[in-house]
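I have placed the structure first, in the form of structure tokens, so that the comments after it can refer back to it.
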Amino acid sequence: IPRMNPEVAKKALEQFPNFTSTSLEVMREYRGILEDAMKDERESTQTCYDMYNRVMSALEKILDEDDLSFDEKTYILNQMKEVADEVSRKDCEKANNRMRMIGIAGSVAAAVVAILGSAIGVNLTSQKNSLGDDTEPIDK
Numbered sequence: 217i218p219r220m221n222p223e224v225a226k227k228a229l230e231q232f233p234n235f236t237s238t239s240l241e242v243m244r245e246y247r248g249i250l251e252d253a254m255k256d257e258r259e260s261t262q263t264c265y266d267m268y269n270r271v272m273s274a275l276e277k278i279l280d281e282d283d284l285s286f287d288e289k290t291y292i293l294n295q296m297k298e299v300a301d302e303v304s305r306k307d308c309e310k311a312n313n314r315m316r317m318i319g320i321a322g323s324v325a326a327a328v329v330a331i332l333g334s335a336i337g338v339n340l341t342s343q344k345n346s347l348g349d350d351t352e353p354i355d356k
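Residue numbers are given in the working numbering: position 92 of the sequence shown equals residue 308, and the series is strictly consecutive.
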């Protein structure tokens, strides 16, 4: 629309007057979907972190016992390291899932807006053809 003749642009917008509101509604809907998905993910992740914390607390209590051998303490420390590694893996997984979700939702929303925008062009072309406009199309 920015490079169109002002009268042509006006006619195009008259063909699809609610383009902006429809586009905004699509974006709001996908925002809601993303927020719901992220809430579910947060709850699931919190449950997992709570479980990791309970395991770590139990291992710390065992480690505080004075009658443990060096090998037993080493084993418990290795178990604690494994739990920490799992927490780190879960954090990476969470970040990757969030980025994937944002990418998918963004692509879908952009596609819907593009389809709505192309409707302006289709309506404008139909109107020009019905008026018998013989102007040359713009070369790409």
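For each residue, glycine too, the CB sits at the ideal point set by N, CA and C.
Distances from the alpha-carbon of L293 to those of S285, L275, R305 put L275 closest.
The three-state reading of DSSP puts E223 in helix, counting H, G and I together. The three-state reading of DSSP puts S304 in helix, counting H, G and I together. Closest option to E251, judged by alpha-carbon separation, among V329, M317, V324: M317.
The C-beta of A325 has 16 or more other C-beta atoms within 10 Å across all chains shown, which makes the residue buried. In this model, R244 and E259 are separated by some 23 Å (Cα to Cα).
If you compare the alpha carbons of G319, Y268, P222 with that of E298, the shortest gap goes to Y268. Check the Cα spacing between T263 and each of V242, K306, E241, Y246: the tightest is with K306.
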